[in-house]
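Last residue of the sequence shown? That's 137 in my numbering, and every number before it is there in order.
Beta carbons: idealized from backbone N, C-alpha and C, even for Gly.
Notes to accompany the following structure.
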Amino acid sequence: MGTRGRVAQRNDQRIRRNRTDLPTESATELGAVCAPDLGLDDPHPLVSDWYRALTESAQARYFEPSDWQTARFVAHTMDRYVRSSKPSSQMFAALMSAMSDLLVTECARRRVRIEIEREQT
Numbered sequence: 017m018g019t020r021g022r023v024a025q026r027n028d029q030r031i032r033r034n035r036t037d038l039p040t041e042s043a044t045e046l047g048a049v050c051a052p053d054l055g056l057d058d059p060h061p062l063v064s065d066w067y068r069a070l071t072e073s074a075q076a077r078y079f080e081p082s083d084w085q086t087a088r089f090v091a092h093t094m095d096r097y098v099r100s101s102k103p104s105s106q107m108f109a110a111l112m113s114a115m116s117d118l119l120v121t122e123c124a125r126r127r128v129r130i131e132i133e134r135e136q137t
């Protein structure tokens with residue numbers, strides 16, 4: 017679990033370099049990721065694009081099988097949400113929280129001190 021409060025800056029943007037209790041992990045390359053199929057018959061394009069992007073993201077190298085099942089569950093719930101005629105703000109907040117647990121945003125990754133460095137080609 018990460019820390020609470022303000023999101024930490026990236027290492028290269030910090031002015032003070034006080035010693036922290038938790039070292040920062042940097043993911044610099046992608047390895048082979050064995051993600052299961054989404055398992056939806058006709059997923060909404062946003063859902064299938066989100067799940068595909070998750071499988072291609074650097075944080076996926078840290079995923080265990082239980083994380084992939086959580087991601088599938090989030091995708092199924094997201095599919096119901098985007099197809100709903102009356103989407104609720106509470107469901108949106110719950111989906112965003114679940115996506116944060118999967119380290120989908122840079123903010124969530126900074127909280128657990130994971131920085132992703134993309135090599136420019």
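Residue j beta carbon less than 8 Å from that of residue i
{"i": "arginine 175", "j": "proline 52", "result": "With the chain covering 17 to 137 only, the question about residue 175 has no answer from this structure."}
{"i": "arginine 134", "j": "valine 23", "result": "no"}
{"i": "valine 90", "j": "leucine 56", "result": "no"}
Contacting residues, own chain, Cβ-Cβ under 7 Å from residue i (five flanking each side not counted)
{"i": "alanine 69", "result": "none"}
{"i": "serine 82", "result": "none"}
{"i": "serine 64", "result": "Leu54"}
Element boundaries [alpha helix (DSSP H), containing residue i]
{"i": "glutamate 131", "result": "No alpha helix (DSSP H) holds glutamate 131; the beta strand (DSSP E) holding it covers 130 to 132."}
{"i": "phenylalanine 108", "result": "105 to 117"}
{"i": "tyrosine 67", "result": "61 to 72"}
{"i": "aspartate 83", "result": "81 to 99"}
{"i": "alanine 9", "result": "Outside the displayed range of the chain (17 to 137) lies residue 9, so it cannot be described from this structure."}
Own chain, CB closer than 6 Å to residue i, minus 5 neighbours either side, in chain order
{"i": "alanine 114", "result": "Val90"}
{"i": "tyrosine 67", "result": "Leu54, Ala91"}
Member of the options whose CA lies at the smallest distance from the CA of residue i
{"i": "glutamine 25", "options": "Thr137, Ala124, Gln136", "result": "Ala124"}
Beta-carbon contacts of residue i that lie in its chain and below 8 Å, excluding the five residues immediately before and after
{"i": "phenylalanine 108", "result": "Tyr97"}
Exercise for review: State whether the stretch 94 to 108 contacts the stretch 48 to 62, with contact taken as three or more CB pairs (one from each stretch) at a distance under 8 Å.
Suggested key: yes
Review point. Per the contact definition of three or more C-beta pairs closer than 8 Å, is the stretch 77 to 87 in contact with the stretch 112 to 120?
Key: yes
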